[in-house]
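In the numbering used here, the protein residues as written are 85 to 460. All residues carry an ideal CB built from backbone N, CA and C; glycine is no exception. Here the structure is a predicted model, which is why all the values come from computation and not from measurement.
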Amino acid sequence: MRMRKKKNSVSRISECNELLLNSREEIESFPVTVEIGCGKGKFIVETAKRNPSVNYIAIEKISDVALLAMEKVRDAGLTNVKFIIGDAKTLPEFFRKNELERIYLNFSDPWPKSGHTRRRLTYRGFLEMYKELLCPTGEIVFKTDNRPLFDFSLEEFRYMGFDLEDLTYDLHASEYAEDNIVTEYEANFSAKGFTINRVRAKMNSVTNLEIRKAEACELDRIMEIVAQAQEYMKEAGFCQWDNGYPSRELIEKDIKDENRYVVCHNNTIMASAGLFMGEEPDYKEIYEGEWLNSSPYISIHRICVDNKFKGMGLGGAVVRHCEDIARKNNIRNIRCDTHEENLSMRRMLEKNGFVYCGIIHLADGSPRVAYQKKMK
Ligand SMILES: C[S@@+](CC[C@H](N)C(=O)[O-])C[C@H]1O[C@@H](n2cnc3c(N)ncnc32)[C@H](O)[C@@H]1O
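Right under this line is the structure:
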């Protein structure tokens with residue numbers, strides 16, 4: 085935000101001194117809602133007026149801009165807003181884990197050059213930091229007129245395991261318009277005819293998971309989850325894991341070969357999957373279609389989720405972990421197969437960017453639908 089130097093800005097800021105946070109110790113109570121890059125403060129003032137029981141902290145890195153926002157808050161007589169004049173990067177100096185319930189990012193600077201990606205406030209490095217500070221039910225609400233920044237941000241949110249809700253590419257024409265509080269930039273851009281994009285990126289317990297290689301002592305627990313999956317497939321009426329597949333010996337071999345992973349939360353194993361590098365013999369031939377390319381890939385096999393933890397997106401967490409491993413090994417493709425009637429697995433794959441490629445046959449001749457994900 086460019087603006088002329090304000091007259092007497094130092095003395096004007098000191099007149100609003102009681103609104104300024106200099107250290108963590110000055111924060112009276114948690115949790116709080118933060119606006120990063122509050123600009124001249126119209127949004128935070130209106131929001132704080134509507135929600136007097138919520139504590140707000142606005143961060144703005146340009147002191148002359150923050151000054152205008154502070155004066156608005158003072159003039160409105162609000163007691164539930166405080167300010168940090170500084171960079172978003174300093175957030176961890178003020179907050180610890182679980183202390184934020186919401187972060188607003190309104191019309192953040194787009195930094196369009198690819199060399200400046202890391203400066204975008206929705207870049208994964210920033211999201212990693214926000215995730216540390218948000219409570220498990222916390223969220224980031226992001227608005228921008230800039231479509232390339234919005235598309236980039238959606239990818240980053242997804243990559244970091246946030247759930248996306250209330251997504252709209254035209255906020256003012258949407259069902260959310262009535263509750264929307266318009267910022268200074270928003271008023272300006274929409275008057276010029278730009279549509280406003282908005283999304284709510286919610287923390288998910290899935291974002292606080294540990295995914296690691298399984299240990300030999302975890303075989304029994306993994307087999308419990310395998311048994312649940314076998315039962316589920318039997319009840320659903322399709323025979324993907326019949327005749328005792330995958331056997332205890334096979335899972336034990338996965339663990340020994342360091343291909344078996346577990347998804348844990350607070351030391352509870354919730355799901356497990358095999359991630360394999362190198363060519364999968366069953367994938368040599370494909371029928372009624374073709375693979376997206378012949379580049380190296382990782383394959384995901386024998387993925388299973390404990391019944392208690394279904395629907396939490398654990399499959400997606402496995403896919404993202406697989407992508408991390410792929411990147412570290414300069415691999416850009418993931419392949420997977422499942423039974424034609426295993427609709428929940430197919431939905432999970434499609435939701436996580438896999439594309440249906442055709443039919444493969446297992447060593448015993450059983451057909452399976454084959455999927456591939458080409459990573460960006
Ligand atoms: C484009 S303006 C939008 C202002 C306001 N949110 C609105 O919608 O009217 C972006 C604001 O974010 C501030 N800003 C940008 N990067 C920041 C950062 N890393 N930390 C704190 N503030 C930042 C800028 O100084 C500027 O005031």
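Can you tell which of Thr174, Val129, Cys100 and Glu425 has the C-alpha that lies nearest to the C-alpha of arginine 108?
Considering only alpha carbons, the answer is Thr174.
Isoleucine 265 Cβ short of 7 Å to ligand 1 heavy atom set:
no
Within a Cβ cutoff of 8 Å, which residues of the same chain sit near aspartate 250, ignoring the five residues on either side of it in sequence?
Tyr260, Arg282, Val283 and Arg284
Quick one: measure Cβ to Cβ for leucine 205 and leucine 189, integer angstroms, because I've assumed they're closer than 8 Å.
6 Å
Cα-Cα separation between histidine 349 and glutamate 294, rounded to whole angstroms:
6 Å
By a C-beta neighbour count over all protein chains shown, 10 Å radius and 16 as the cutoff for buried, is serine 192 buried or exposed?
buried
Is cysteine 122 buried or exposed, if buried means 16 or more other CB atoms sit within 10 Å of its CB?
buried
Hey, would you say the C-beta of isoleucine 443 is under 7 Å away from at least one heavy atom of ligand 1?
no
Neighbourhood of leucine 96 by C-beta distance below 8 Å, restricted to the same chain and skipping five residues each side:
Note on residue identity: the sequence assigns arginine, not leucine, to residue 96. Hits under 8 Å: Lys90, Leu151 and Glu155.
Relative to the C-alpha of alanine 217, which candidate in Pro380, Pro176 and His385 has its C-alpha closest?
Contrary to the premise, residue 217 reads as leucine rather than alanine in this sequence. Considering only alpha carbons, the answer is Pro176.
What's the C-alpha gap between glycine 442 and serine 383?
16 Å
For alanine 132, does the count of other Cβ atoms within 10 angstroms reach 16, so buried, or fall short, so exposed?
Buried.
What distance in whole Å lies between the Cβ atoms of phenylalanine 241 and leucine 233, which are believed to be in contact at a cut-off of 8 Å?
Rounded, the Cβ-Cβ distance is 12 Å, inconsistent with contact.
Near ligand 1: valine 149 beta-carbon under 7 Å from a heavy atom
yes
Below 8 Å between beta carbons: does that hold for methionine 287 and lysine 392?
no
How long is the line joining the alpha carbons of leucine 334 and glycine 397, rounded to whole angstroms?
Each residue's alpha carbon lies about 26 Å from the other.
Between lysine 412 and cysteine 406, what straight-line distance do the alpha-carbon atoms span, to the nearest angstrom?
10 Å
Less than 7 Å separating the Cβ of asparagine 190 from some heavy atom of ligand 3?
Ligands displayed in this structure: ligand 1; ligand 3 is not among them.
Below 8 Å on the Cβ atoms is my contact criterion, and I expect glycine 125 with valine 157 to pass it. Report the Cβ-Cβ distance as a whole number of Å.
Right, the Cβ-Cβ distance comes to about 6 Å (below 8 Å), so this counts as a contact.
Among Glu262, Asp148, Asn106 and Tyr455, which residue has its Cα nearest to the Cα of glycine 373?
The shortest Cα separation from glycine 373 among Glu262, Asp148, Asn106 and Tyr455 belongs to Tyr455.
Mind checking which residues open and close the beta strand (DSSP E) that includes isoleucine 418?
417-422
Would you mind sorting leucine 446 into buried or exposed? The rule is 16 or more other CB atoms within 10 Å of its CB.
Exposed, because fewer than 16 other Cβ atoms sit within 10 Å of the Cβ of leucine 446.
Which same chain residues, not among the five before or five after phenylalanine 322, have their C-beta less than 6 Å away from its C-beta?
His423 and Glu425
Residues bridged to glutamine 324 by DSSP?
According to DSSP, glutamine 324 bridges with nothing at all.
Out of Pro330, Arg332 and Glu302, which one is the CA nearest neighbour of asparagine 351?
Glu302
Top-ranked residue by Cα proximity to valine 209, from Trp375, Thr228, Met244 and Asp408:
Looking at the sequence shown, residue 209 is not valine but glycine. For glycine 209, the nearest C-alpha among the options comes from Met244.
Assign leucine 359 to one of three DSSP states: helix, strand, or coil.
For leucine 359, the secondary structure class from DSSP, reduced to helix, strand or coil, is strand.
Would a C-beta distance cut-off of 8 Å place alanine 160 and alanine 153 closer than the cut-off?
no
Length of the line joining the Cα atoms of glutamate 364 and cysteine 420:
10 Å
Apart from the five residues just before and just after isoleucine 418, which ones in its own chain have a Cβ nearer than 8 Å to its Cβ?
Tyr381, Ile382, Ser383, Ile384, Val403, Cys406, Glu407, Ala410, Phe438, Gln456, Lys457 and Met459
Who are the near neighbours of tryptophan 375 in its chain, counting only those whose CB is closer than 6 Å to its CB and skipping five residues on each side?
Cys441 and Gln456
Spell out the partners DSSP gives glycine 373 in its beta bridges.
For glycine 373, which the question treats as bridged, DSSP gives no partner whatsoever.
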